[in-house]
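Here's the structure, in structure tokens; my notes come after.
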Amino acid sequence: MVTKKQDSGCCGFMTGEELMALRKKAEKLLVYHKLLEDKIFSSYLHLLERTAAALQGAEKDHNVAHEAYMRTFLLLAEKTEFYQAPCIGDPWQNHLLDLLIDDQNIFSEKAERAGINAIGSSLLEAVCCELSLLKQLLALNGSFFESFFSGMKGLEGIPDYSWQGLKGLPARGEDPLMNMKAELKAELFSLTDWSAAPQKLADYYSKVGTGIFAAYRAFRWVNDKGEGFLEGIPHPDPIRLEDLVGYERERAKVLKNTEQFLAGLPANNMLFYGERGTGKSSTVKALLNRYCGQGLRLVEIGKGDLKDFGKVLRLLRGRPHKFIIFIDDLSFEEQEIEYKELMAILEGSIERRPHNVLVYATSNRRHLIREYFRDQQEEGAVDGGELRYSDTVQEKLSLAERFGITVIFPTPSQAEYLNIVETLAKQGGIAIDKDELRRKALKWAVWQNGRSGRTARQFIDNLSGELQAAAGERERDSVE
């Protein structure tokens, strides 16, 4: 018995022997061997095997093949029904394209760092061979199996669900990385053969990266029982620079330095100093949303994990992206010594900071380290026979100087605070008398956290909620 190939540029017929040979070749994937560890891929290969046996065998093999199909259907349903990105082809084809592009292997990692021209001819030959095989598996989609099982004897009365009827969730907002991956998937899917696929994949890896770096724009360093690793942040703060009001001169300095960095020009580590709520952290996070498409990535590391700074740098070195290491609310108490690690990285360490990495830190302490009165009084003391205490004090105070640029975000004046409030109210479509708005805003600042951009935003959110609630009550009263 033979069955017809479907879609994606394939035609003709396949025998059970041909299907079995294809399955055995897939078992021996070398460069893409990690695909064999995927549950759906493994279930699909089992389905191929049972379908091949059914093409050659008795009626009982048809039932076994159908059971294998239903198991694969269930696994595809579990992924597809919660999938939040453009789906290319049917669920199997979409999943295989995801596996192929996301796979971290010697080809993808070499292409990321050096491009396809740096890849050895033997490795490239192996990649071409395996991509040709995967292209054949891509063609054996849901239609292929449905045509095989339709009208099959012995399957009467058994439910037959089509995995082509599975449907994902709406795509998650505007995501440049997701869009670039979807474009590559669509391009690969449309190709009649994959002779050009290695070049297209290599171009993608050299621009977007591989593994976690291709999947996420923002990361945090996690230290779990001494084992540190980067964790992708699936939903980074969507704040945009256009959403931030005030501090235009301060942000202009940040934009200039960041754009120099992205252009491969000399740029400086930056310290953002100011009171809480003045928009320091929001400015850094907004940079990611503006410049992600130009290769910018954000890596957040906590003060307590600065001892791992060297590990982080080694993970980022040599990749095609530009990384800003973000340290929020940076300050040190008298007894804390983590500042030494940071000082060494910023300047003076034997391990040079990679050219694709900058450090942006925020703090509400100008010198980052609290200077106690007794520090000044004990300048004649000797610490462990090595350094005078005054030298230690100076070492602490010099940390801020290791940042090439310090940008100060001052507490807004009353007029500046009210301007922020009025601008946010206009952006939010809040219709209220200007004098009443200003009076409420000043009262809010007194009773809450003082004048700041954050306070203004919190006030507007509260006011918007109150006005909408009042409008809802009036509408209900009018109905009654």
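Each residue of the sequence shown is one higher than the one before, counting from 956 in our numbering. Where a beta carbon is used, it is the ideal one built from N, C-alpha and C, also for glycine.
Query raised in the report: Which residue from A1218, K1398 and G1259 puts its Cα closest to that of P1275?
Result: A1218
**Report entry** A1157 versus N1311: straight-line alpha-carbon distance, rounded
**Finding:** 20 angstroms
Query - Other residues of its chain near Y1246: CB distance less than 7 angstroms, five sequence neighbours each side excluded - result: T1213 and L1217
Query - V1376 versus L1285: straight-line alpha-carbon distance, rounded - result: 28 angstroms
Query raised in the report: So R1005 packs on A1023, CB below 8 angstroms; how close in whole Å?
Result: 4 angstroms
Query raised in the report: Is G1201 near G1384, with beta carbons less than 8 angstroms apart?
Result: no
**Report entry** Secondary structure of G1420, DSSP reduced to three states
**Finding:** helix
**Report entry** G1273 vs R1068 beta-carbon contact at 8 angstroms
**Finding:** yes
Query raised in the report: Would S963 be called buried (16 or more neighbouring beta carbons within 10 Å of its own) or exposed?
Result: For S963, the predicted model reports a pLDDT of 38, less than 50, meaning its position is unreliable; a value from the coordinates is still stated below. Label assigned to S963: buried.
Query raised in the report: Among P1046, E1033, H1001 and L1055, which has the Cα closest to the Cα of H988?
Result: L1055
Query raised in the report: Taking the C-alpha atoms as reference points, what is the distance between E973 and Y1171?
Result: 40 angstroms
**Report entry** Outcome for P1125 when other beta-carbon atoms lying within 10 angstroms are tallied against a minimum of 16
**Finding:** exposed
Query raised in the report: Would DSSP call L1268 helix, strand or coil?
Result: helix
Query - Straight-line Cα distance separating R1357 from D1330 - result: Bear in mind that a pLDDT of 48 at D1330, under 50, signals an unreliable position, so the model cannot answer this.
Query - Chain-order list of residues whose beta-carbon lies under 7 angstroms from that of E1064 (same chain, five-residue window excluded) - result: T1165
Query raised in the report: Relative to the alpha-carbon of K1266, which residue among F1184, E1203 and A1241 has its alpha-carbon at the smallest distance?
Result: F1184
Requested in this report: Grab me the residues of D1058's own chain with a C-beta within less than 7 angstroms of its C-beta, minus the 5 sequence neighbours each way, in chain order.
Outcome: Y987, K989 and L990
Report task. Please determine, among G1123, Y1159, D1148 and Q1154, the residue with the shortest C-alpha to C-alpha distance to N1134. Result -> Y1159
Query raised in the report: Can you name the residues that DSSP bridges to S1318?
Result: Y1228
Report task. Compare the Cα-Cα distances from I1061 to each of I1071, L1052 and D1053 and report the closest residue. Result -> I1071
Query - I1360 - partner residues in DSSP beta bridges - result: M1225
Requested in this report: Give every residue of the same chain whose Cβ lies closer than 7 angstroms to the Cβ of A1040, excluding the five residues on either side of it in the sequence, and list them in chain order.
Outcome: A1126, M1133 and A1137
Requested in this report: Measure the alpha-carbon distance for L1422 versus Y1372 and round it to whole angstroms.
Outcome: 21 angstroms
Query raised in the report: With a Cβ-Cβ cutoff of 8 angstroms, do T1233 and V1209 count as a contact?
Result: no
Query - Local conformation of A1157 per DSSP, three classes - result: helix
Query raised in the report: Since E1377 is in the alpha helix (DSSP H), which residue starts that stretch and which ends it?
Result: Q1369 to Q1382
Query raised in the report: Among the residues of its own chain, which have a CB less than 8 angstroms from the CB of E1085, if the five just before and after it don't count?
Result: L984, L985, V986 and Y987
Query - Residue from F1099, L1418 and I1280 whose Cα sits closest to the Cα of M969 - result: F1099
Query raised in the report: In its own chain, which residues sit with a C-beta less than 7 angstroms from the C-beta of G1427, not counting the 5 before and 5 after it?
Result: none
Query raised in the report: What did DSSP end up calling A1218 once you bin it into helix, strand or coil?
Result: coil
Query raised in the report: What first and last residue would you give for the alpha helix (DSSP H) that runs through F996?
Result: K994 to Q1011
**Report entry** D1148 vs K1090 beta-carbon contact at 8 angstroms
**Finding:** yes
Query raised in the report: Under the three-state reduction of DSSP, which class applies to E1255: helix, strand or coil?
Result: strand
Query raised in the report: Does DSSP put D1263 in a helix, in a strand, or in coil?
Result: helix
Query raised in the report: Would you call the CB atoms of D1283 and W1176 closer than 8 angstroms?
Result: no
Query raised in the report: Taking the alpha helix (DSSP H) that I1280 falls in, what are its first and last residues?
Result: Element bounds for I1280: not the alpha helix (DSSP H) but the beta strand (DSSP E), K1277 to I1282.
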